[in-house]
Ligand SMILES: [Zn+2]
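Residue numbers (UniProt numbering): 1 to 293.
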């Protein structure tokens, strides 16, 4: 995205090198994805939008699709790989090759609306995963849990009103992206959190808002938009979560998956911009997921 941009390649390097340091990386199955196909992208995004992105893609240098979001010559290929990784994760988990998966890829996806790229996102990875599970694998109920510090406006735009999906979303409010926060849809649980809220309070709010609804919904698969930018040290936001809070969130998610979804969880990386906090939080997230086999 350019020098000094927080959505940088070092994010993934920080995660993989920390997983090597802790030893957890050796216990994981690493899979290199294929690019999502045009047909797969069209399960979420209209052809016009996909054409527009293709036309904007520069052959050199950088163009901006919004003030925060830049495209370089290989950006869309990277975005197709990230999207393809999500689809492949769904295929592997729903064919019982894996119990759960974490998509360690960028660019992220949850700000990408049906026809709008924004907030460092081009294709909505988690919505593509949901459509793969529902349309291709013919599941009936999929939950999406989005704990990124920013609201997943793109996901709300795409899945709002789709009763096959229950989306639970916590986010700092008022805050970016300032859209879709007041969108009323039966299947969207928006859980706004004030800047500065203590982590213990965050846990209480989220558990009260989500847990019973998730249990009643009985998802057959749990998808996670895993953004770690609510960490106390994150430079982009003002929540106070710590590594142990991400462990707690992951345990709540796996308990729902254990009750209803044969433990099936697919988590995809969204935000998280303090490199050390990101790496430690992902490690805790994966420790919980990896304990289930
Ligand atoms: Zn975020």
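The beta-carbon is built from N, C-alpha and C at its ideal position, and this holds for glycine as well.
Note that the C-beta distance between residue 172 and residue 238 is below 8 Å.
For residue 150, the CB falls within less than 7 Å of some heavy atom of ligand 1. In this structure, residue 197 and residue 240 form a Cβ contact; the two beta carbons are roughly 7 Å apart against a cut-off of 8 Å. Exposed is the label assigned to residue 37, since fewer than 16 other Cβ atoms lie within 10 Å of its Cβ. Taking C-beta atoms as the reference points, residue 286 and residue 102 count as a pair closer than 8 Å. With a cutoff of 8 Å on beta-carbon distance, residue 123 and residue 70 are scored as not near each other.
Looking at the DSSP output, residue 12 bridges to nothing. Residue 189 sits close to residue 213, with the two beta carbons spaced by under 8 Å.
Remark: the C-beta of residue 229 is in contact range of ligand 1, defined as less than 7 Å to any heavy atom. Contact between the segment 94-114 and the segment 147-158 is established, with three or more Cβ pairs separated by less than 8 Å. Around the CB of residue 283, 16 or more other CB atoms lie within 10 Å, so the residue is classed as buried. Leaving aside the five residues that flank residue 248 on each side, the residues in its chain whose CB is nearer than 7 Å to its CB run, in chain order, 203.
In the displayed model, residue 70 falls within a strand according to three-state DSSP. Taking a cut-off of 8 Å for Cβ pairs, the segment 2-14 and the segment 94-101 do not touch, as fewer than three such pairs fall below it.
In the three-state DSSP reduction, residue 220 falls in the coil class, being neither helix nor strand. For a cut-off of 8 Å, the C-beta gap from residue 231 to residue 170 is around 14 Å, too long to register as a contact.
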